[in-house]
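There are 2 protein chains.
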Amino acid sequence: MAGATAGPEIERLIQLLARLPGLGPRSARRAALHLIKKREALMAPLAAALQTAIDKVEVCKVCGSIDTQNPCTVCADARRDRAVIVVVADVADLWALERAHATNGLYHVLGGTLSPLDGVGPQDLAIGALVSRAHGPEVKEIILALNATVDGQTTAHYITDLLHEANVKVTRLAHGVPVGGELDYLDEGTLAAAIRQRTLF
Amino acid sequence: MAGATAGPEIERLIQLLARLPGLGPRSARRAALHLIKKREALMAPLAAALQTAIDKVEVCKVCGSIDTQNPCTVCADARRDRAVIVVVADVADLWALERAHATNGLYHVLGGTLSPLDGVGPQDLAIGALVSRAHGPEVKEIILALNATVDGQTTAHYITDLLHEANVKVTRLAHGVPVGGELDYLDEGTLAAAIRQRTLF
């Protein structure tokens, strides 16, 4: 699009930026221009940061998270509670739980959820590794922190069945009213669950 | 945010991505994860494309556009009509006009618009260079393709005054109904201009 007037190198940069989630063709052009205008302040540091990430980032051999050390910072942290493993679909979910300081346990990243429609079966996820970890002598609880979607809950049920033989408690996230949420805007399923799982005031 | 759990290198990558227009902190995290997951297919090519742009992109010494050749592709193109110079505020506007195949003339990039509130004066824009070019023997028309905003129109008036002595016709973009636009949603100023500048059917 801009290629005819700005050289194939800039066009290629725009096309690559457009493949980032959240950027379309138009915003990719704006981003490319912004980078070119801020060559020293932004483009050079970003190129260097990408190269560093390419060189250093690894998948944690224990939990499947990504980090520049292996095992990852969480798995290597002696203050973490090794009795609890929080199962998430994706590293993004792990990051979200960490930002919320929601748990002091360890994690296990499945790499997705079961989805027959998308051809994602158990062999595509790190479920075998989870079962192995769940049989570890320290582990007492597996918290399934999966999306409250059909695929997420299907995956949760599948894992719960597999962990039947392991000597662990399997739990899942509470359903309920989001903090700051208004009842009027919530669906019936959430409201029913919030009543059912009510807690003492 | 993700730093405590994913290493300072990933955190730095996220912070740099968050400075791109169109990406906030949350989408920058998603973009970083996407890049890390597509290390070979996307992250490595993007790092290389950025480095190429850092090494090769220059500001055209004639028109102020950016390109990997200097003078830029447009200025160097012998098929372009050297009698017409289209004045734009920004390279993004030049790209937009090129995508529309709106003109076969040359361009002149001002680098912004006059904006007293933001402290942008004539000395901050490539206005002197434009006046020099307008005095060139080949030049017959200067098209002011500036935003239909207060700052854009102030800049257009300022330039028109300066070009009074040059032997050129100074024109500006037509106001009117955008192609595909519905009258009901247009402001009164646009509608009045569209009537005033009506054309024969």
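Order-wise, the sequence lines are chains A and B.
The working numbering numbers the first residue of the first sequence as 1 and each following residue consecutively.
The working numbering numbers the first residue of the second sequence as 1 and each following residue consecutively.
The beta-carbon is built from N, C-alpha and C at its ideal position, and this holds for glycine as well.
Could you tell me which of B:K37, B:I14, B:L20 and B:L42 sits nearest to R29 (chain B), measuring between CA atoms?
B:I14
Within chain A, the residues that S27 (chain B) reaches when beta carbons sit closer than 9 Å:
Residues of chain A whose Cβ lies closer than 9 Å to the Cβ of S27 (chain B) are, in chain order, L20, P21, G22 and L23.
Other residues of its chain near D77 (chain A): CB distance less than 8 Å, five sequence neighbours each side excluded
none
Let's see if you can read the secondary structure: which residues bound the alpha helix (DSSP H) around G105 (chain B)?
G105 (chain B) -> not in any alpha helix (DSSP H); beta strand (DSSP E) instead, spanning G105 to V109.
Between the C-alpha atoms of V150 (chain A) and E98 (chain B), what's the straight-line distance to the nearest angstrom?
If you take the alpha carbons of V150 (chain A) and E98 (chain B), they lie about 47 Å apart.
Which residues of chain B have a Cβ atom closer than 9 Å to the Cβ of T68 (chain A), listed in chain order?
A6, G7, P8, E9 and I10
Using a C-beta cutoff of 7 Å, does A149 (chain B) count as contacting chain A?
According to the sequence as given, residue 149 (chain B) is Thr; it is not Ala. It does not; no Cβ of chain A falls within 7 Å.
Counted within 10 angstroms of its Cβ, other Cβ atoms place A102 (chain B) as buried (16 or more) or exposed
exposed
Taking a contact to mean a Cβ-Cβ separation below 7 Å, would you say I36 (chain B) touches V57 (chain A) in this structure?
yes
Would T155 (chain A) and L162 (chain A) qualify as a contact pair, given that the criterion is a beta-carbon distance under 7 Å?
At the C-beta level, T155 (chain A) and L162 (chain A) stay beyond 7 Å of one another.
By the three-class DSSP mapping on this structure, what secondary structure does A83 (chain A) have?
strand
If I'm right that L144 (chain A) touches I127 (chain A) with Cβ under 8 Å, what's the distance once you round it to whole angstroms?
Contact doesn't hold; Cβ gap of about 12 Å is too wide.
Determine the direct distance from the alpha carbon of A166 (chain A) to that of L131 (chain A), and round the result to whole angstroms.
Rather than Leu, the amino acid found at residue 131 (chain A) in this sequence is Val. Distance between the alpha carbons of V131 (chain A) and A166 (chain A): 8 Å.
Boundaries (first-last residue) of the beta strand (DSSP E) holding T171 (chain A)
Element bounds for T171 (chain A): K169 to R172.
What is the rounded straight-line gap between the Cα of D81 (chain A) and the Cα of A53 (chain A)?
29 Å
Enclosing beta strand (DSSP E) for L144 (chain B) [first to last residue]:
E141 to L144
Coil, strand or helix - E138 (chain B) by DSSP
coil
Output yes or no for whether 7 Å exceeds the beta carbon distance between L94 (chain A) and G112 (chain A).
no
In chain A, which residues lie with their C-beta within 7 Å of the C-beta of P71 (chain B)?
Under the 7 Å cutoff, chain A gives no residues; its nearest Cβ is about 12 Å from P71 (chain B).
Cα-Cα, which of A:K38, A:S27, A:A49 and A:M43 is closest to A32 (chain B)?
A:A49
Beta carbon of P8 (chain B), beta carbon of A18 (chain B): below 7 Å?
no
Chain-ordered chain B contacts of H34 (chain A) [CB-CB under 7 Å]
L20 and P21
Of all the alpha helix (DSSP H) runs that stay within the bounds of the segment 8–77 of chain A, which reach a length of 4 or more residues?
25–37, 44–56 and 73–76
From the DSSP output, which residues share a beta bridge with V88 (chain B)?
B:V109
Enclosing alpha helix (DSSP H) for V150 (chain A) [first to last residue]
V150 to L162
Per-residue burial, R79 (chain B) [other beta carbons within 10 Å of its own, 16 or more giving buried]:
exposed
Around the Cβ of G152 (chain B), are there at least 16 other Cβ atoms within 10 angstroms (buried) or fewer (exposed)?
Residue burial is scored here from C-beta neighbours: G152 (chain B) has at least 16 other C-beta atoms within 10 angstroms and is therefore classed as buried.
Reduced DSSP category for V131 (chain A) - H, G, I as helix; E, B as strand; rest coil
helix
Could you compute how far the alpha carbon of L106 (chain B) sits from the alpha carbon of C75 (chain B)?
6 Å
CA nearest to the CA of D55 (chain A), picked from B:A100, B:E188, B:A192 and B:M43:
B:M43
Reference A192 (chain B), options B:E182, B:G181, B:A6 and B:V177, closest by Cα:
B:V177
With 7 Å set as the bound, which would you pick, yes or no: does the beta-carbon of R30 (chain A) sit closer than that to a beta-carbon of chain B?
yes
Is there a C-beta anywhere in chain A that falls below 7 Å from the one on Q153 (chain B)?
no
Within 7 Å (strictly less), CB to CB, does P178 (chain A) reach chain B?
no
Is it buried or exposed for D90 (chain A), if we count other Cβ within 10 angstroms and need 16 for buried?
buried
At the 7 Å Cβ level, is K61 (chain B) part of the contact set with chain A, yes or no?
no
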